[in-house]
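Asks: The structure is given below, and queries will be raised subsequently.
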Amino acid sequence: MPHEIHKRGKIWHYRGSTANGRFRGTTRTTDKAIAQRVAAEAEAREWKHHLDGPGAHVTFANAANAYLDAGKSTRFLLKLCEHFKDTPLRNISSGAILAAAVKLYPNAKGATRNRQVIAPTLAIINHAAELGWCAPVKVKRYSVNPAVKIPATREWVTAFADQAKTDNLPHLAALCFFMFGTAARIGEAVRMIWDDVDLNSNTAKLSGDKPKPWTRTAHLSPTVIAAMASIGGNRNPAELVFGYAESGSVKKTWDNVIERAGIERLTPHCCRHGFATAMLRAGFDPVTIAKRGGWKDPAIVVRTYGHALEDKTVTDVLFDTSLTQSAKQNPVTISKKRIN
Numbered sequence: 001m002p003h004e005i006h007k008r009g010k011i012w013h014y015r016g017s018t019a020n021g022r023f024r025g026t027t028r029t030t031d032k033a034i035a036q037r038v039a040a041e042a043e044a045r046e047w048k049h050h051l052d053g054p055g056a057h058v059t060f061a062n063a064a065n066a067y068l069d070a071g072k073s074t075r076f077l078l079k080l081c082e083h084f085k086d087t088p089l090r091n092i093s094s095g096a097i098l099a100a101a102v103k104l105y106p107n108a109k110g111a112t113r114n115r116q117v118i119a120p121t122l123a124i125i126n127h128a129a130e131l132g133w134c135a136p137v138k139v140k141r142y143s144v145n146p147a148v149k150i151p152a153t154r155e156w157v158t159a160f161a162d163q164a165k166t167d168n169l170p171h172l173a174a175l176c177f178f179m180f181g182t183a184a185r186i187g188e189a190v191r192m193i194w195d196d197v198d199l200n201s202n203t204a205k206l207s208g209d210k211p212k213p214w215t216r217t218a219h220l221s222p223t224v225i226a227a228m229a230s231i232g233g234n235r236n237p238a239e240l241v242f243g244y245a246e247s248g249s250v251k252k253t254w255d256n257v258i259e260r261a262g263i264e265r266l267t268p269h270c271c272r273h274g275f276a277t278a279m280l281r282a283g284f285d286p287v288t289i290a291k292r293g294g295w296k297d298p299a300i301v302v303r304t305y306g307h308a309l310e311d312k313t314v315t316d317v318l319f320d321t322s323l324t325q326s327a328k329q330n331p332v333t334i335s336k337k338r339i340n
């Protein structure tokens, strides 16, 4: 039935029905003429909802707000919101998303466009789809040829630390040992304050806010403990452990130490890479490595950090009599070794 208005006390209310069902509400006014207009607009909205669907007029801005309200990551969202603004979701096609990637990052590689435009845009739109606001969207991502990542080894880390100590940079030597021994990212390590460290219990608390706020407690091996103990200072609880204001402050000094040490140029992240690679080669399972190193998905450990040994003779171990005879003392297969 068409809408009608009626009074409750001094305030006008409306009610009616469309093909979408019954609707009712208050006009929040005592003026009958205004109440008639409010009721007519309410009926028009109901018909639009019925004819166009519940999400026909939902914009990217609406979807982004809902995404954030759900506690999702804010990473890379600012540029996307400035680009799409109030564009209705129904108008954002896969082609529009690819065009946005090129416009926002004209000189970037495919990996950057995938990470900073395509992935977060799909996350927002497909979250809206879960709410029933639109249909899900798929986009073919840019093909990427990942660069070969070189893991730091114990020998490399030791050579770096020795040079740093020679250069009177004990805090940098400790930083290198710490990242290799805990799989900490450079940003996580430089944010750490002495209040996060307990040298007596051999632990350090690491934290971050991406994609959501998190903390983890890392075990500190004796080598790492010794390196951190040599930093010196008063160890004020609020003081930065390694003395760097941000990760970018490390790069120049880091590279200079490498040059003086005469070793291969590696980035700080190679220490995290080295943690996973060394643990895999030591026979520890990916689940344990992921837990100790702060990876959410054990599959990432194998896919990203597993490296084949170049020595072709490793298969000799299958028929090595001496190894077979001493299996009880030195088992060849140690893939089930775990850390408690």
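Per full-length UniProt numbering, numbering of the sequence shown is gapless, rising by one per residue and ending at 340.
Glycine residues also receive a C-beta, built at the ideal position from the N, C-alpha and C atoms.
#1: Val197 and Phe180: beta carbons closer than 8 Å?
#2: Quick one: Cα of Tyr305 to Cα of Val224, how far?
#3: Relative to the C-alpha of Asn168, which residue among Ala227, Thr182, Met192, Ala61 is closest?
#4: So for His57, helix, strand or coil by DSSP?
#5: So within the stretch 109–175, which uninterrupted alpha helix (DSSP H) runs reach at least 4 residues, ignoring any that extend past its ends?
#6: Does Pro136 pass the burial test, meaning 16 or more other C-beta atoms within 10 Å, or should it be called exposed?
#7: Evaluate Ala33 with the Cβ neighbour count: other Cβ atoms within 10 Å of its Cβ, from every protein chain shown; 16 or more gives buried, anything less gives exposed.
#8: CB-CB under 8 Å to Ala290, same chain, minus the five flanking residues each way: which ones, in chain order?
#9: Just how far apart, CA to CA, sit Asp255 and Arg265?
#10: Quick one: is Lys7 buried, meaning 16 or more other Cβ sit within 10 Å of its Cβ, or exposed?
#11: Just to confirm, are Val58 and Pro106 a CB contact at a threshold of 8 Å?
#12: Pick out whichever of Val241, Gly71, Cys134 has its Cα sitting closest to the Cα of Ile186.
#13: For the stretch 213–269, which segments carrying the alpha helix (DSSP H) assignment without a break, of at least 4 residues, lie completely within its bounds, in sequence order?
#14: Return the bridge partner residues of Trp295 from the DSSP annotation.
#15: Suppose you measure from the CA of Trp214 to the CA of Ala204; what does that come to, to the nearest Å?
#16: For the 8 Å Cβ check, are there 3 or more pairs between the stretch 73–93 and the stretch 117–127?
#17: Taking C-beta to C-beta, are Val190 and Ser247 nearer than 8 Å?
#18: What does the alpha-carbon distance come out to for the pair Ala99 and Thr29?
#19: When the Cα of Val71 is compared with those of Thr166, Glu155, His127, which residue comes out closest?
#20: What whole-angstrom Cβ distance do Ala152 and His273 have, given they're in contact under 8 Å?
#21: Opposite Lys72 in the DSSP bridges: which residues?
#22: With Asp195 and Pro237 assumed to form a contact (beta carbons below 8 Å), what rounded beta-carbon distance in angstroms separates them?
#23: For Gly262, which option in Glu155, Ala61, Leu104, Tyr142 has the closest C-alpha, if you only look at C-alpha atoms?
#24: Is the beta carbon of Cys176 closer than 8 Å to that of Cys271?
#25: Please say whether Leu172 and Thr253 have beta carbons closer to each other than 8 Å?
#26: In the DSSP assignment, find the alpha helix (DSSP H) that holds Leu78 and state where it starts and stops.
#27: Starting from Arg24 and walking both ways along the beta strand (DSSP E), at which residues does that stretch end?
#28: Which of the three DSSP states is assigned to Arg8 in this structure?
Replies: Looking at the coordinates:
#1: Taking the sequence shown and counting its residues from 1, the one referred to as residue 197 is at position 197. Taking the sequence shown and counting its residues from 1, the one referred to as residue 180 is at position 180. Contact check for Val197 against Phe180 fails: the beta carbons are separated by 8 Å or more.
#2: Numbered from its first residue, the sequence shown carries residue 305 at position 305. Numbered from its first residue, the sequence shown carries residue 224 at position 224. Rounded to whole angstroms, Tyr305 to Val224 spans 22 Å at the Cα level.
#3: Locating residue 168 in the sequence shown gives position 168, counting from the first residue. Out of Ala227, Thr182, Met192, Ala61, Ala227 has the C-alpha closest to the C-alpha of Asn168.
#4: For the purposes of this step, residue 57 is identified with residue 57 of the sequence shown, where counting begins at 1. In the three-state reduction of the DSSP assignment, His57 falls in the coil class, being assigned neither a helical nor a strand state.
#5: Assignment of alpha helix (DSSP H) within the stretch 109–175, counting only whole runs of 4 or more residues, yields 110–113, 119–130, 154–166 in chain order.
#6: As a position in the sequence shown, residue 136 is number 136, starting the count at 1. The residue is exposed, with fewer than 16 neighbouring Cβ atoms inside 10 Å.
#7: As a working mapping, residue 33 is identified with position 33 in the sequence shown. Exposed, because fewer than 16 other Cβ atoms sit within 10 Å of the Cβ of Ala33.
#8: Residue mapping note: residue 290 aligns to position 290 of the sequence shown, counting from 1. Closer than 8 Å at the Cβ level, and outside the excluded window around Ala290, lie Lys296, Asp297, Pro298, Ile300, Val301.
#9: Position 255 of the sequence shown, counted from the start, is the residue given in the question as residue 255. Position 265 of the sequence shown, counted from the start, is the residue given in the question as residue 265. Rounded to the nearest whole angstrom, the C-alpha separation of Asp255 and Arg265 is 7 Å.
#10: The residue given as residue 7 occupies position 7 in the sequence shown. It is exposed - the Cβ of Lys7 has fewer than 16 other Cβ atoms within 10 Å.
#11: For the purposes of this step, residue 58 is taken as the residue at position 58 of the sequence shown. For the purposes of this step, residue 106 is taken as the residue at position 106 of the sequence shown. No, these two residues do not count as a Cβ contact at 8 Å.
#12: Within the sequence shown, numbered from 1, the residue matching residue 186 stands at position 186. If we check each option's Cα against that of Ile186, Val241 comes out closest.
#13: With a minimum length of 4 residues, the continuous alpha helix (DSSP H) runs that stay inside the stretch 213–269 are 222–229, 251–261.
#14: Position 295 of the sequence shown, counting from 1, holds the residue named residue 295. None, per the DSSP bridge assignment.
#15: For the purposes of this step, residue 214 is taken as residue 214 along the sequence shown, with counting starting at 1. For the purposes of this step, residue 204 is taken as residue 204 along the sequence shown, with counting starting at 1. So the two alpha carbons sit approximately 14 Å from each other.
#16: Segments in contact, yes.
#17: Mapped onto the sequence shown, residue 190 falls at position 190. Mapped onto the sequence shown, residue 247 falls at position 247. With a cutoff of 8 Å on beta-carbon distance, Val190 and Ser247 are scored as near each other.
#18: Indexing the sequence shown from 1 puts residue 99 at position 99. Indexing the sequence shown from 1 puts residue 29 at position 29. Taking the straight line from one Cα to the other gives about 47 Å.
#19: Along the sequence shown, read from residue 1 onward, the residue named residue 71 stands at position 71. A small fix is needed here, since residue 71 is Gly in this sequence, not Val. Checked all of Thr166, Glu155, His127; the closest Cα to Gly71 is His127.
#20: By 1-based counting over the sequence shown, the position of residue 152 is 152. By 1-based counting over the sequence shown, the position of residue 273 is 273. Contact holds; Cβ gap of about 7 Å.
#21: Taking the first residue of the sequence shown as position 1, residue 72 is located at position 72. In the DSSP output, where bridge partners are listed per residue, Lys72 has none listed.
#22: Position 195 of the sequence shown holds residue 195. Position 237 of the sequence shown holds residue 237. Rounded to whole angstroms, the Cβ separation of Asp195 and Pro237 is 4 Å, and the two are in contact under 8 Å.
#23: Translated into the one-based positions of the sequence shown, residue 262 becomes position 262. Nearest of Glu155, Ala61, Leu104, Tyr142 to Gly262, Cα basis: Glu155.
#24: Along the sequence shown, one-based indexing puts residue 271 at 271. Along the sequence shown, one-based indexing puts residue 176 at 176. In this structure, Cys176 lies closer than 8 Å to Cys271 by Cβ.
#25: By 1-based counting over the sequence shown, the position of residue 253 is 253. By 1-based counting over the sequence shown, the position of residue 172 is 172. Taking 8 Å as the Cβ cut-off, Thr253 and Leu172 qualify as a contacting pair.
#26: Within the sequence shown, the letter at position 78 stands for residue 78. Counting along the chain, the alpha helix (DSSP H) containing Leu78 begins and ends at 77–84.
#27: The residue labelled residue 24 in the question sits at position 24 within the sequence shown. Here the beta strand (DSSP E) through Arg24 covers 21–26.
#28: Stepping through the sequence shown from its first residue, residue 8 is reached at position 8. In the structure shown, Arg8 sits in a strand (DSSP, three-state: E or B).
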